[in-house]
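Taken in sequence, the protein lines are chains A and B.
1 is the number of the first residue of the first sequence in our numbering; add one for each residue after it.
1001 is the number of the first residue of the second sequence in our numbering; add one for each residue after it.
One structure is given here, and the rest of the page talks about it.
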Amino acid sequence: AQKVTQAQTEISVVEKEDVTLDCVYETRDTTYYLFWYKQPPSGELVFLIRRNSFDEQNEISGRYSWNFQKSTSSFNFTITASQVVDSAVYFCALINTDKLIFGTGTRLQVFP
Amino acid sequence: NAGVTQTPKFQVLKTGQSMTLQCAQDMNHEYMSWYRQDPGMGLRLIHYSVGAGITDQGEVPNGYNVSRSTTEDFPLRLLSAAPSQTSVYFCASSREDSYTGELFFGEGSRLTVL
C-alpha cells in the first residue's frame, strides 16, 4: 500500500528557531517521486520540491532544506531561522502510479 | 496567465440538491484532478483525468461525477449533496500526467451542505 505519514500535527516555534517537519512514506515501487507543498493561511497550495527515488542528495534552497533517506523511508523538511511568513500547513506527498497521495499535513506556527 | 480557475468560491446547498463545481485551466495541461480537503484528513483525491475523454476514480469517488470533454475543463458534479460532502474542494492540473507531480492548484471552493 502507498502511504504518507506526517506524525506531527502541529508545531509551534519562535521566530529564528530551526524546525524540522517529518515525513515517512510507504511504497512498493522502486521508482517514485516525493513532494512537499505549502498551504499558507490564504488557502492556496504551493509546490515546494520534487525528489525522485534515485536521487538521495540533500537539497537546499535558501532557508529550506530537504533530507531524503531511502533507508528509513523519510523525506524530512527543515526550515532554518524560521520567520512568521513560514506559518502554514505543509504537506508531504508521494506519487502512486498516476495519483498523488498526500499526508495529513503539519501546521507550523511561527511566533514573533 | 489565469492558471487554474475554480468557480464558485463559496456555495451553500441543502441536502439532496445537485450542483457542479467548475474548473478550467489555460496552460494546456493534460492532467487534471479534484481533491477534497477536510480537517485532519489532508487532501484526498476524488477523480482525475489524464486527458480529454479519459477519467478515473481516486480515493473517495462516491457521490461525485466528472467528465473531460475538452483539455481545458474538468467539472465536478455532486448529484445529490450530503452533509458529508461539506469540504473545501481543490482542482489541480499538471503538464503531463501527475507523474511529474508539480500540480498547479486552483484557489479552492468551499462547499457547505446543510
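Ideal Cβ placement from N, Cα and C applies to all residues, glycine included.
In whole angstroms, what is the alpha-carbon distance linking residue i and residue j?
i	j	result
S82/A	V1012/B	38 Å
R1118/B	I60/A	Because chain B spans 1001 through 1114 in this model, residue 1118/B falls outside it and cannot be assessed.
Y32/A	P1039/B	27 Å
R51/A	P112/A	32 Å
T95/A	V1050/B	The question names Thr, yet the displayed sequence has Ile at residue 95/A. About 14 Å.
F1105/B	M1027/B	12 Å
Y64/A	R1068/B	38 Å
G103/A	L1021/B	24 Å
V19/A	D86/A	11 Å
S12/A	A1092/B	29 Å
Taking only three categories from DSSP, how would you classify residue i?
i	result
D1038/B	strand
D86/A	helix
T1112/B	strand
K38/A	strand
S1033/B	strand
Q1022/B	strand
Q57/A	coil
K99/A	strand
T72/A	helix
S1080/B	coil
Q2/A	coil
Q1085/B	helix
S1154/B	Since the first and last residues shown for chain B are 1001 and 1114, residue 1154/B lies out of range.
F1074/B	coil
Can you list the residues of chain A that residue i reaches, using a CB-CB cut of under 7 Å?
i	result
M1041/B	T104
G1016/B	What G1016/B touches in chain A: nothing, since even the nearest Cβ is about 28 Å away.
Under 9 Å between beta-carbons, which chain A residues line up against residue i? List them in chain order, please.
i	result
E1107/B	S42, G43, E44
What residues from chain B crowd round residue i, counting only those whose CB sits closer than 9 Å?
i	result
R28/A	Ordered by position in chain B, no residue passes the 9 Å Cβ test against R28/A, which lies about 16 Å from the chain.
Under 7 Å between beta-carbons, which chain B residues line up against residue i? List them in chain order, please.
i	result
F54/A	Here the premise fails: no neighbours, minimum Cβ distance about 14 Å.
Just the chain B side, please: which residues come within less than 8 Å of residue i by C-beta, in chain order?
i	result
F91/A	G1042, L1043
Okay, do the stretch 74-88 of chain A and the stretch 15-31 of chain A touch, 3+ Cβ pairs below 8 Å being the bar? Segments in contact, yes.
Segment contact flag, the stretch 99-112 of chain A with the stretch 1073-1081 of chain B, C-beta cutoff 8 Å, min 3 pairs: no
Could you pull out every unbroken beta strand (DSSP E) segment of at least 3 residues lying fully inside the stretch 5-51 of chain A, listed in chain order? 10-14, 19-21, 24-26, 33-39
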